[in-house]
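Single-structure report; data block below.
Numbering (my numbering), first residue to last: 2 to 329.
Structure below.
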């Protein structure tokens, strides 16, 4: 049976994430130190996104709870989410996040994963024009959009990995933001995606790697669906000519997690959730959509029971579960 997002699940996800959005420890910094004066507490460096173990997880945790509060405004957690947003998503604190980007050595900060998620967060906030949150976050979104605009023309080859540096995954979020907020960036993303992936044929994936949380193959397909529109089915038929055959069997078998207290090994719960999102996203363009959805369901069944087994997964997995469940 296809698993979908419902009110009870939304409340559970929101409750989990509210529990760590402002949890300061443990925390993993992404920082280049140019001198001893650069040393500071995470909360000083990142006045808003200093919870959830690391910057990018805090950003997409905010995306998750803001989206859930909009979709299910009557759940009890929605009031807590909005109260926290009123306190945290304010110009003075966002200015501190923008100021961090002006430090030397921050050109590669969170590139491109955190960039894409910050744009996704701003896009979600903009769906609530009755509240001030999107306006407060917009300077940070514009700063990352400018970084994408400067970086993408210089990126000769896309990064085809299953981790944070995956080009395709970040651009799914960046393109959706750009189509509503920056037409020139949207055109650039579409052009670069066609340059990098447009001629890809007969994919032979070897996935997952031992610490992946994304499928580089399926994220590429998810991006190209957004880029190509009506052309996507023809492209997919050449990219994955036998999606249910032996050559792509590794994309259909859920990954096994051996130790959920190990943050990198716990990534494999994420690969199951992100694959479920991708299989559902591209299902209608495949020869057997029902088979694709069944594959997604199998991946979800493997990961959903383990969202809160350990903080190494709890601080981020519910976001990817939301992506997958909404894709139904």
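Quick reminder that beta carbons are idealized off the backbone N, C-alpha and C, glycines included.
- Query: Taking Cβ positions only, does residue 168 come closer than 8 Å to chain C?
  - Reply: Considering every chain present, this structure includes no chain C. It has just one protein chain.
- With DSSP as the reference, please indicate the residues paired to residue 29 in a beta bridge. Stepping through the chain shown from its first residue, residue 29 is reached at position 28. The partner list for residue 29 (beta bridge, DSSP) reads 55.
- Task: Helix, strand or coil for residue 258, going by three-state DSSP, please let me know.
- Result: In the chain shown, counting from the first residue as 1, residue 258 sits at position 257. Residue 258: coil per DSSP, three-state reduction.
- Count the other CB atoms within 10 Å of the CB of residue 276; is the residue buried (16 or more) or exposed (fewer)? Mapped onto the chain shown, residue 276 falls at position 275. Per the 10 Å Cβ criterion, buried.
- Item | CA-to-CA distance, residue 262 to residue 307, given in whole angstroms | Numbered from 1 along the chain shown, position 306 holds the residue referred to as residue 307. Numbered from 1 along the chain shown, position 261 holds the residue referred to as residue 262. If you take the alpha carbons of residue 307 and residue 262, they lie about 11 Å apart.
- Message: Tell me the DSSP secondary structure of residue 266 in three-state form.
- Response: Mapped onto the chain shown, residue 266 falls at position 265. Coil at residue 266, not helix or strand.
- What separation, rounded to the nearest whole angstrom, lies between the Cα atoms of residue 283 and residue 328? Taking the first residue of the chain shown as 1, we reach residue 283 at position 282. Taking the first residue of the chain shown as 1, we reach residue 328 at position 327. Taking the straight line joining both Cα atoms gives about 10 Å.
- Message: If distances are taken between C-alpha atoms only, which option among 105, 215 and 288 comes closest to residue 164?
- Response: Indexing the chain shown from 1 puts residue 164 at position 163. Taking only the C-alpha atoms, the option nearest residue 164 is 215.
- Item | At least three beta-carbon pairs within less than 8 Å, the region 246 to 266 to the region 180 to 200 | no
- Message: Using CA atoms only, rank isn't needed, just tell me which of 122, 161 and 159 is closest to residue 146.
- Response: Counted from its first residue, the chain shown places residue 146 at position 145. Residue 146 has its Cα closest to that of 122, out of 122, 161 and 159.
- Query: Given residue 191, which residues of its chain have a CB within under 8 Å of its CB, disregarding the five upstream and five downstream residues?
  - Reply: Here the question's residue 191 lines up with position 190 in the chain shown. Counting only Cβ-Cβ distances below 8 Å, and skipping sequence neighbours, we find 176 and 228.
- Message: Between which residues of its own chain and residue 288 is the CB-CB distance below 8 Å, once the five residues before and five after are set aside?
- Response: Your numbering for residue 288 matches position 287 in the chain shown. Contacts found: 244 and 245.
- Task: Would you grab the beta carbon distance between residue 95 and residue 141 for me? Rounded to a whole angstrom, and I think it's under 8 Å.
- Result: By 1-based counting over the chain shown, the position of residue 95 is 94. By 1-based counting over the chain shown, the position of residue 141 is 140. Residue 95 to residue 141, Cβ: 5 Å. Contact.
- Item | When 182, 188 and 118 are compared against residue 166, the one with the closest alpha-carbon | In the chain shown, the residue the question calls residue 166 occupies position 165. For the residues 182, 188 and 118, the minimum Cα distance to residue 166 belongs to 118.
- Curious, which full-length beta strand (DSSP E) runs of at least 3 residues does the region 32 to 100 contain? none
- Message: Can you tell me where the alpha helix (DSSP H) holding residue 143 begins and where it ends?
- Response: Translated into positions along the chain shown, residue 143 becomes position 142. Counting along the chain, the alpha helix (DSSP H) containing residue 143 begins and ends at 134 to 152.
- Cβ separation of residue 313 and residue 267, assumed to be a contact under 8 Å, to the nearest whole Å: The sequence position of residue 313 within the chain shown is 312, counting from 1. The sequence position of residue 267 within the chain shown is 266, counting from 1. Going by Cβ atoms, the distance from residue 313 to residue 267 rounds to 5 Å, so yes, they are a contact pair.
- Task: In angstroms with no decimal places, state the Cα-to-Cα distance between residue 66 and residue 72.
- Result: Stepping through the chain shown from its first residue, residue 66 is reached at position 65. Stepping through the chain shown from its first residue, residue 72 is reached at position 71. Each residue's alpha carbon lies about 10 Å from the other.
- Test item: CB-CB of residue 292 and residue 281 under 8 Å: Start at 1 with the first residue of the chain shown, and residue 292 comes out as number 291. Start at 1 with the first residue of the chain shown, and residue 281 comes out as number 280. In this structure, residue 281 does not lie closer than 8 Å to residue 292 by Cβ.
- Message: What does the alpha-carbon distance come out to for the pair residue 255 and residue 36?
- Response: Reading the chain shown from its first residue, position 254 is the one you call residue 255. Reading the chain shown from its first residue, position 35 is the one you call residue 36. So the two alpha carbons sit approximately 45 Å from each other.
- Query: In this structure, does DSSP put residue 158 in helix, strand or coil?
  - Reply: Sequence index remark: in the chain shown, residue 158 carries index 157 (1-based). Correct three-state label for residue 158: coil.
- Item | Residues near residue 17 in its chain [Cβ-Cβ closer than 8 Å; skip 5 each side] | For the purposes of this step, residue 17 is taken as residue 16 along the chain shown, with counting starting at 1. 308, 309, 315 and 319.
- Query: Can you tell me the Cα-Cα spacing of residue 278 and residue 151, whole angstroms?
  - Reply: Stepping through the chain shown from its first residue, residue 278 is reached at position 277. Stepping through the chain shown from its first residue, residue 151 is reached at position 150. About 29 Å.
- Message: Tell me the rounded alpha-carbon separation between residue 161 and residue 179.
- Response: As a working mapping, residue 161 is identified with position 160 in the chain shown. As a working mapping, residue 179 is identified with position 178 in the chain shown. Answer to the nearest angstrom: the Cα atoms are 22 Å apart.
- Task: Enumerate in chain order the residues of its own chain whose CB-to-CB distance from residue 240 is below 6 Å, with the five nearest sequence positions on each side excluded.
- Result: Residue mapping note: residue 240 aligns to position 239 of the chain shown, counting from 1. Excluding positions up to five away in sequence, the list reads 201 and 204.
- Task: Please classify residue 317: does DSSP put it in a helix, a strand, or coil?
- Result: Start at 1 with the first residue of the chain shown, and residue 317 comes out as number 316. Note: residue 317 maps to coil in three-state DSSP.
- With a Cβ-Cβ cutoff of 8 Å, do residue 48 and residue 98 count as a contact? The sequence position of residue 48 within the chain shown is 47, counting from 1. The sequence position of residue 98 within the chain shown is 97, counting from 1. Closer than 8 Å, so yes.
- Query: Do you know offhand how far residue 92's Cα is from residue 286's?
  - Reply: Within the chain shown, the letter at position 91 stands for residue 92. Within the chain shown, the letter at position 285 stands for residue 286. So the alpha carbons of these two residues sit roughly 43 Å apart.
- Message: I need the DSSP call for residue 275, collapsed to helix, strand or coil.
- Response: Along the chain shown, read from residue 1 onward, the residue named residue 275 stands at position 274. If DSSP states are grouped into helix, strand and coil, residue 275 belongs with the helices.
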